[in-house]
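Chemist: The sequence shown begins at 482 in this note's numbering and counts up one residue at a time. After the structure tokens below, expect a handful of questions from me.
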Amino acid sequence: MTEIWVVALGLLLLFVILAMVRLWLGPTAPDRVVALDAVNTITVCGIIVFGVAFNETVYVDVAIVYALLSFVGTLWLAKYIGGDL
482 MTEIWVVALG LLLLFVILAM VRLWLGPTAP DRVVALDAVN TITVCGIIVF
532 GVAFNETVYV DVAIVYALLS FVGTLWLAKY IGGDL
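Right under this line is the structure:
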């Protein structure tokens, strides 16, 4: 049963690497912000999968807080790039 979660975490790690490549190569600032948001979203998914794999509910709470902070950070970056800050 644990092997399934290891495979899921491995795939999520692959997706994070691909998003980091997009973050590094992104030609414009909005592309980089979207890539950073994708990395944060995949990280939240990874935290939840990790919590399910080890049957710990505290990881879900951590994922919720991380997702909220990621959302606020993305909004701040979008306002900064848009020139509203």
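Ideal Cβ positions, reconstructed from N, Cα and C, are used throughout, including at glycine.
My output table needs one value for F535: the three-state DSSP class, helix, strand or coil.
Modeler: Position 54 of the sequence shown, counted from the start, is the residue given in the question as residue 535. Coil, per DSSP.
Chemist: Which one of V546, F535, T538 and I485 has the shortest CA to CA distance from V525?
Modeler: Position 44 of the sequence shown, counted from the start, is the residue given in the question as residue 525. Among V546, F535, T538 and I485, the Cα nearest to that of V525 belongs to V546.
Chemist: Thinking C-alpha only, which one of T522, N521, W557 and V533 is nearest W486?
Modeler: The sequence position of residue 486 within the sequence shown is 5, counting from 1. Taking only the C-alpha atoms, the option nearest W486 is V533.
Chemist: In whole angstroms, what is the alpha-carbon distance linking L493 and I529?
Modeler: In the sequence shown, the residue the question calls residue 493 occupies position 12. In the sequence shown, the residue the question calls residue 529 occupies position 48. Between L493 and I529, the C-alpha separation is close to 11 Å.
Chemist: Ordered along the chain, which non-local residues of its own chain (more than five positions away) have a Cβ less than 7 Å from that of A548?
Modeler: Numbered from 1 along the sequence shown, position 67 holds the residue referred to as residue 548. Cβ within range, chain order: V525.
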